[in-house]
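Its first residue numbered 326, the sequence shown is counted upward by one per residue in the numbering used here.
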Amino acid sequence: MTSRYERFRRLMEAWRRLAPILLDTAGIILLSGFTMAWTMTSWSISVGGWILGLGVLALNRVHFGDS
326 MTSRYERFRR LMEAWRRLAP ILLDTAGIIL LSGFTMAWTM TSWSISVGGW
376 ILGLGVLALN RVHFGDS
């Protein structure tokens, strides 16, 4: 039977593998969604979304490295 510590360690290892993929996906969705919004709404909303999306991608690179 595995201990709580062992289960927690496995969960953290899985998160370290999955988190970069999830953050890249979120950043790309933000960038593409706000790029589409550029044609339908105010340009300031789109620029804010681009900054947010690029921020998510940059955070991913800084925190997890280029995998």
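Positions of the beta carbon are idealized from the N, C-alpha and C atoms, including for glycine. All of these numbers come straight from a predicted model, not from anything done at the bench.
Sequence-distant Cβ neighbours of residue 381 in its own chain, meaning closer than 7 Å and more than five residues away, are 348, 351, 352 and 355. Residue 390 and residue 335 have their C-alpha atoms roughly 20 Å apart. The DSSP-derived three-state label of residue 328 is coil. Residue 375 is positioned such that its CB atom lies closer than 8 Å to that of residue 359. Per DSSP, reduced to three states, the secondary structure at residue 390 is coil, with no helix or strand assignment.
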